[in-house]
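Written below as structure tokens is the structure these notes are about.
Here is the structure:
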């Protein structure tokens with residue numbers, strides 16, 4: 106038995122990790138679509154025997170690696186005369202790609218309009234967070250031309266429409282944790298305050 110065949114499958118997997126991912130086990134596990142824990146048990150002190158599924162996933166992730174070498178230690182790691190080529194796209198897939206590209210180009214103007222509307226909505230839809238964010242409380246108080254305490258009381262009393270977003274317990278609600286107030290709610294409140 107030569108030295109190649111004396112190595113265990115675990116050692117050969119360790120070689121692949123070193124060769125293809127410079128020893129980065131996490132990157133190798135991700136590329137092979139196996140859990141880091143599985144790889145750790147194979148390469149760690151436990152030296153668990155890899156399952157057939159793990160070996161198949163490594164083979165699928167690294168098609169240039171010979172399975173005879175990986176499983177049995179026979180031959181070279183990579184078959185040197187084997188050329189791996191990607192399949193040529195079929196006429197259907199080419200037509201489908203052109204159709205998709207054309208549809209994307211046609212929708213680009215519509216997409217740009219939607220993005221502009223979203224940006225504008227965000228400008229109008231400013232959100233104040235009361236109870237857990239002191240700078241936002243100050244901004245709301247400035248917007249209402251009031252003190253922070255007065256602004257907080259307007260929110261807690263329900264005069265300014267708000268949405269509770271904190272923990273679901275009475276203590277948190279009493280302390281005013283995390284109420285969200287939109288700019289539109291502030292505008293509505295100010296409009297009702299100004300009408301005689």
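Numbering (our numbering), first residue to last: 106 to 301.
Positions of the beta carbon are idealized from the N, C-alpha and C atoms, including for glycine.
Nothing here was measured: the structure is a model prediction, and the numbers come from that model.
Local conformation of residue i per DSSP, three classes
i: residue 154; result: coil
i: residue 177; result: helix
i: residue 252; result: coil
i: residue 163; result: helix
i: residue 265; result: coil
Range of the contiguous alpha helix (DSSP H) that encloses residue i
i: residue 148; result: 141-148
i: residue 115; result: 114-126
i: residue 292; result: 288-299
Within-9 Å CB hit, residue i to chain B
i: residue 175; result: The structure shown contains no chain B, having only a single protein chain.
Whole-number beta carbon distance between residue j and residue i, since they are thought to touch under 8 Å
i: residue 167; j: residue 125; result: 7 Å
i: residue 284; j: residue 262; result: No, residue 284 and residue 262 are not in contact; Cβ-Cβ is about 11 Å, not under 8 Å.
Inter-stretch contact at 8 Å, needing at least 3 Cβ pairs: the segment 195-206 / the segment 245-263: At 8 Å Cβ cutoff, the stretches do not touch.
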